[in-house]
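Let me begin by presenting the structure, written as structure tokens, before commenting on it.
Residue numbers (our numbering): 4 to 530.
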């Protein structure tokens, strides 16, 4: 050591143990033991004495190593108890002066190897487990106006590279690059009512961040590849896809302007989406993500208690959403027999997705239904309230009727053994008032036997088919419906089925009503 400079070649701490405890305070606010220790040291120090101005001391450390350390953490009040074992810290070329010898900050490299970790996230009651965690990087405080920091993370096989610039005006800018970060440890953290697991999936991303005052922004690209999500205890995947790309996203937030998300394009390739209704009539997504009644009541109570604390407005603007070469696997397990139908080669494009009032998104969808039929949907819908404002045309062609046999057996009490179905549907809603046109074209329908234990209203299908079929064995019927989607009892499918039921009943009884009228027996026989 020379005058004005203190240097260390190596500092080594082997197997240190650090205990961090936050007890429950009886009279004052509780604090961690390390906070109490620092406060005690500060109180015992003598007051600073005015001294003559001297040159600042230069300090440098070539190596600072902590090996096989143990950290124990206990928060009695929050009932949080964690222990981190066998981690190491390495610092290299640490100094408080730059290459010119001027004392003006901190420079150096560092490394923190945590090994395998497992800990519970406060407030979520869920644990996260990682097999290998390490943090590496460097500090560069060579200027008086800014601090540069490189912070890189190793999370199992994934890497996160970040660089931060912290300036004297308290603004922060950063760059983040994510490579091959596995989603498996993080999917169970999703707020689902049942545990979700990922069998595969990784994240790649590049983005830039800016923070100044209460303003925050992040912009870049995000790629989620080979996603495979399962609900615990189920036999099939809930959602998979080959690639999901969020291109040119930009999120900005400030107290004055609220939040805004803009995305140039969201593209999902080869998605497979499973939508399943269980024996109780609940869909798998409702079962997974619906909130309990108590939770909703609590939220309503909180809103009533603080009427002035309305959240800032959130704006969203997505230019394009594309689904390419996907599959939709639908199953209704409440039907007897169970109903299964798949849509394959599913493609969808949605443009101008915005939650701004009065804006509508254009929709274009096509796919193959039940292996041989086709579907096509075109139109537009208001993203902020699609049920109340839409104009959609849906066309289904050459659908095999026997694929829908479980639905016909459940609602009509009959089996169908053959035939083809075409549907041309047009639905238009304006401020909740819905009008719908349903053209149903059935070719060469073949009825099977009746369902012996059917409990619903039996429809005279055989007679109605015989009366409705033309010389080419084709039935062509158009059914119009209307209603208000805001009505509690509203159901579009219910209206359609009721209309079909009325048509079939009226057609089947029409000859008898005519005969009764001719014989003057209409009132007597009830026609």
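Heads up, the beta-carbon is just placed ideally off N, CA and C, and yes, glycines get one too.
Bridge partners of residue 106 according to DSSP: 100.
Look at the region 309-362 and you find these whole runs of beta strand (DSSP E), each 3 residues long or longer: 317-335, 342-357.
Residues 418, 419 of the same chain have their beta carbon placed closer than 7 angstroms to that of residue 408, with the five preceding and five following residues left out of the count. Per DSSP, residue 465 is one residue of the alpha helix (DSSP H) stretching across 464-471. With respect to residue 35, residue 25 sits close: the two C-beta atoms are nearer than 7 angstroms.
DSSP places residue 291 in the uninterrupted alpha helix (DSSP H) bounded by 287-292.
Cβ contact annotation for residue 157 (same chain, cutoff 6 angstroms, sequence separation greater than five): 137, in chain order. In summary, residue 10 is exposed, with fewer than 16 beta-carbon neighbours lying within 10 Å of its beta-carbon over all protein chains present. In the structure shown, the three-state DSSP call for residue 445 is strand. Sequence-distant Cβ neighbours of residue 179 in its own chain, meaning closer than 6 angstroms and more than five residues away, are 165, 210. Under the 10 Å beta carbon count, residue 22 is surrounded by fewer than 16 other beta carbons and is classified as exposed. In the DSSP annotation of this structure, residue 35 is not part of any alpha helix (DSSP H), being labelled neither H nor E. Taken in chain order, no unbroken stretch of alpha helix (DSSP H) lies wholly in the region 42-75 with a span of 4 residues or more.
Closest in alpha carbon position to residue 482, among 444, 161, 366, is 444. Fewer than three pairs of CB atoms, one per stretch, sit closer than 8 angstroms, so the region 355-370 makes no contact with the region 440-455. When C-alpha distances from residue 414 are compared across 461, 206, 15, the shortest belongs to 461.
Here residue 365 is bridged, per DSSP, to 354, 383. Residue 252 sits buried, since 16 or more C-beta atoms from the chains shown fall within 10 Å of its C-beta.
Using a 10 angstroms sphere on the CB of residue 473, the tally of other CB atoms stays under 16, which defines it as exposed. Here residue 175 has 167, 168, 169, 212, 213, 214, 215 as same chain residues with Cβ atoms under 8 angstroms from its own Cβ, once five neighbours each way along the sequence are excluded.
Beta-bridge annotation (DSSP): residue 371 is paired with 347, 377. Within its own chain, the residues whose Cβ lies closer than 7 angstroms to the Cβ of residue 375, once the five positions on either side in sequence are excluded, are 401, 403, listed in chain order.
The count of Cβ pairs closer than 8 angstroms, one atom from the region 285-295 and one from the region 338-351, stays below three, leaving the stretches out of contact. Sorting 85, 119, 193, 486 by C-alpha distance to the C-alpha of residue 293 places 193 at the top.
When secondary structure is reduced to three states using DSSP, residue 228 falls in the strand class. If you draw a straight line from the Cα of residue 101 to the Cα of residue 62, it comes to about 11 angstroms. The three-state secondary structure of residue 153, taken from DSSP, is strand. Cα atoms of residue 88 and residue 80: separation of roughly 23 angstroms, rounded to the nearest angstrom. Counting only residues of its own chain and dropping the five nearest sequence neighbours on each side, residue 13 has a CB closer than 6 angstroms to the CB of 66. The Cβ atoms of residue 244 and residue 225 do not sit closer than 7 angstroms to each other.
Nearest to residue 449 by C-alpha distance, out of 455, 456, 424, is 424. Residue burial annotation: residue 117 is buried, with at least 16 other C-beta atoms found within 10 angstroms of its C-beta. Taking C-beta atoms under 8 angstroms as the contact rule, residue 96 and residue 112 qualify, at a distance of about 6 angstroms. In this structure, residue 160 sits away from residue 128, with a CB-CB distance that is not shorter than 7 angstroms. Looking at 263, 162, 364, 131, the one whose alpha-carbon comes closest to that of residue 218 is 263. In this structure, residue 318 and residue 358 form a Cβ contact; the two beta carbons are roughly 7 angstroms apart against a cut-off of 8 angstroms.
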